[in-house]
């Protein structure tokens, strides 16, 4: 048989427990918009049974709070975040490059190629015209300047991307530091009964932010915590941090080091991997194509031009400054300064006396002459446009796909960990009613006590 | 059942609105630019084809210009030779008159000399800054008259050509060496004629008349050839115009937006956007809180 006092105590545990419940609800609602927050619930259990003959429970006991978190979903979310941020960055950079080679609206390289070859055609109609000769050198200069400018655009983009690898690494190091600090605190404060919910949320959020930069793997068991990236390069081992370092490779590009190993190309997703791929694969490929165009243009034109005769019957004149190596061809392409300075040196003739127009026709016709096995200059250029266009379109499709998958996963995460205002509102009612009923018990007990006390009066 | 939470509702709404807005923007771009390929990634293979076709069109436009130049040059040559033929005819009748009248008035001889100069100026016709009968030496006079009156050919025997197609060229001139100083040198003929007329040498005049007739034959043959070349230039132009029409049609197919489709796409996405925002506004206004006091 329980006493009135124990009845009061039982009601009191209920008041306290439901108040804790309301606090947890309040915290959930407060964090409804907090990224990375996992909703919590209060954990209650019955109080110990007291009394002898008729055992009655002694109320309720709050023994902790529990967070709704599915670590598997969180990890999938990290992976998808890595892929999405890599896709976004690749798409954005390729779109920039695409605009450099945008041919729509009568601007771009093609109109310059056409007017260059056509200037020889026009000259063929009147090979002794000074105006038409100058038109050849002028349109050649516009063409070479345009190719030079596109070559530096590509190089500048490559350099800018190379520099931003530094930013990524320093951001990553900051995040790694923070993750290690929190991992250490989790290790120190967590007990088997009460997990460090808020710290775990924070760590999860930080790892997610790190995932934007690089894809990471987490190992969290039995109080030991490990975070690795690339080919199992450790970033955090329990409380210890292993920073990524930077150095400059022999080719003058940024290299990422873990310890003494070069891990630059070990990352498979995240912005770091995207930047490395753009820097080492996509852009060099476009540079190579542009160089090949410049190389073929110079050699093709020089071959015909040097075998022909200028207005004064001189021969063996190169039209372009000779281009001997593919590397830097687009950047260095230039009209032979002697020809640029004196348009009489344009070789329009195939006769030693410098008359006639056969060479001008042959030079103009080079627009139709393929550089086996690569096709004509225009065909090579259209392949480059295709290459850049399809790379950009693929990156766009990629980033869209990862975008939808990311939304799916975020919804999945929300279905486990997200806060629903309606649900919390229902919980408020639940705890409020329980609190009210317990308070009612207390006032009843109070009345009973007064009745008891007045018995003796 | 999947638990629906407050933020996932917003996230879905936002994603839907973004998708629709993007579709709207694509349609809007197509309508305002009139093109469905605004950047290479819109359709990489079409963008590459557009480059190749644009290049072909630029070349064809040049070939067209070349064919037109060729045609006008050939026509000038033809009308010049027409003049030369008339002059030759006039000289022949003057010479025949001299044979029959048995005397050569000094005015007749004078006229023949003047007509000889006329013939020279025909032979040295300049068009587009070029001596059209000088062969490929077209920047200097085709025929040079020495102080003693002898006229010599300074051109060469190469007929210049212009490219009028990917694999075709067209001759734009007939060198003077095939007309004025071909099988008959008209200038030495006329010099001999004047000498014969001055000295009343009837046989001599007859010999030169025969050569004049031969010259007319040469000119007529040359004009037949010019006629053929002019036809060639004209048909090259019409072929090139046809080809350009075909290329333009192909280009339009590749890159021009279907305006009706783009507009209906735009309207559709507008409706979808209105629906999505309306539903979003209604859903987010529904809350248990509204029913509790």
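Chains as they are written, first to last, in this note's numbering: chain A, 1 to 457; chain B, 1001 to 1293.
Using N, Cα and C, we set each Cβ at its ideal position, and we do this for glycine too.
Exposure of residue i, with buried meaning 16 or more beta-carbon neighbours within 10 Å
| i | result |
| --- | --- |
| residue 150 of chain A | buried |
| residue 1030 of chain B | buried |
| residue 54 of chain A | exposed |
| residue 224 of chain A | exposed |
| residue 1150 of chain B | exposed |
| residue 1125 of chain B | buried |
| residue 1175 of chain B | buried |
| residue 1038 of chain B | buried |
| residue 1282 of chain B | exposed |
| residue 49 of chain A | exposed |
| residue 1 of chain A | Because the pLDDT of residue 1 of chain A is 45, which lies under 50, any placement of that residue in the model is unreliable, and the number read from its coordinates should be weighed accordingly. Exposed: under 16 other Cβ atoms inside 10 Å. |
| residue 409 of chain A | buried |
| residue 63 of chain A | exposed |
| residue 322 of chain A | exposed |
| residue 80 of chain A | buried |
| residue 363 of chain A | buried |
| residue 218 of chain A | buried |
Among the options, nearest to residue i - alpha-carbon criterion
| i | options | result |
| --- | --- | --- |
| residue 462 of chain A | A:446, A:92 and A:47 | Any question about residue 462 of chain A goes unanswered here, given that chain A covers just 1 to 457. |
| residue 1292 of chain B | A:429, A:163 and A:434 | A:429 |
| residue 10 of chain A | A:51, A:145, A:40 and A:361 | A:51 |
| residue 1123 of chain B | B:1238, B:1142, B:1276 and B:1109 | B:1142 |
| residue 354 of chain A | A:317, A:378, A:204 and A:373 | A:317 |
| residue 1188 of chain B | B:1152, B:1132 and B:1094 | B:1152 |
| residue 506 of chain A | A:19, A:156 and A:65 | The question about residue 506 of chain A has no answer here: the residues shown for chain A are numbered 1 through 457. |
| residue 350 of chain A | A:135, A:222 and A:309 | A:309 |
| residue 1011 of chain B | A:13, A:404 and A:217 | A:404 |
| residue 73 of chain A | A:297, A:359, A:417 and A:371 | A:417 |
| residue 18 of chain A | A:334, A:402, A:379 and A:432 | A:432 |
| residue 1004 of chain B | A:442, A:420, A:453 and A:435 | A:420 |
| residue 523 of chain A | A:395, A:450 and A:415 | Absent from the structure is residue 523 of chain A, since the part of chain A shown begins at 1 and ends at 457. |
| residue 1214 of chain B | B:1186, B:1235 and B:1131 | B:1186 |
Proximity test, residue i beta-carbon vs the ligand MN heavy atom, cut-off 7 angstroms
| i | result |
| --- | --- |
| residue 1210 of chain B | Only the bare structure without any ligand can be found here, which leaves the ligand MN out of the picture. |
Short CB-CB distance (under 8 angstroms) between residue i and chain B
| i | result |
| --- | --- |
| residue 146 of chain A | no |
| residue 414 of chain A | yes |
| residue 425 of chain A | yes |
| residue 5 of chain A | no |
| residue 356 of chain A | yes |
| residue 396 of chain A | yes |
| residue 110 of chain A | yes |
| residue 73 of chain A | no |
| residue 20 of chain A | no |
| residue 87 of chain A | no |
| residue 441 of chain A | no |
| residue 408 of chain A | no |
| residue 379 of chain A | yes |
| residue 61 of chain A | no |
Residue-chain proximity (residue i, chain A), Cβ-Cβ < 8 angstroms
| i | result |
| --- | --- |
| residue 1161 of chain B | yes |
| residue 1059 of chain B | yes |
| residue 1008 of chain B | yes |
| residue 1224 of chain B | no |
| residue 1004 of chain B | yes |
| residue 1202 of chain B | no |
| residue 1124 of chain B | no |
| residue 1044 of chain B | yes |
| residue 1175 of chain B | no |
| residue 1206 of chain B | no |
| residue 1212 of chain B | no |
| residue 1148 of chain B | no |
| residue 1244 of chain B | no |
Beta-ladder partner(s) of residue i, from DSSP
| i | result |
| --- | --- |
| residue 3 of chain A | DSSP lists no partner for residue 3 of chain A. |
| residue 1035 of chain B | B:1256 |
| residue 1127 of chain B | B:1130 |
| residue 158 of chain A | According to DSSP, which records beta bridges pairwise, residue 158 of chain A is partnered with nothing at all. |
| residue 1051 of chain B | Bridge partners of residue 1051 of chain B: none, in fact. |
Query raised in the report: Mind pulling the beta strand (DSSP E) runs of 3 or more residues that sit fully within the region 80-113 of chain A?
Result: none
Requested in this report: Counting only runs of 3+ residues fully inside the region 1134-1195 of chain B, write out the beta strand (DSSP E) ranges in chain order.
Outcome: 1143-1145, 1151-1153, 1161-1165 and 1168-1171
**Report entry** Within the region 272-353 of chain A, ranges of the alpha helix (DSSP H) (whole runs, at least 4 residues)
**Finding:** If we require 4 residues or more, the alpha helix (DSSP H) runs fully inside the region 272-353 of chain A come out as 283-306, 329-332 and 337-341.
**Report entry** Any beta strand (DSSP E) of 3 or more consecutive residues that is wholly inside the region 225-263 of chain A
**Finding:** 233-237, 244-248 and 254-258
Query raised in the report: Which full runs of the beta strand (DSSP E) of 3+ residues lie inside the region 1070-1110 of chain B, going along the chain?
Result: With a minimum length of 3 residues, no continuous beta strand (DSSP E) run stays inside the region 1070-1110 of chain B.
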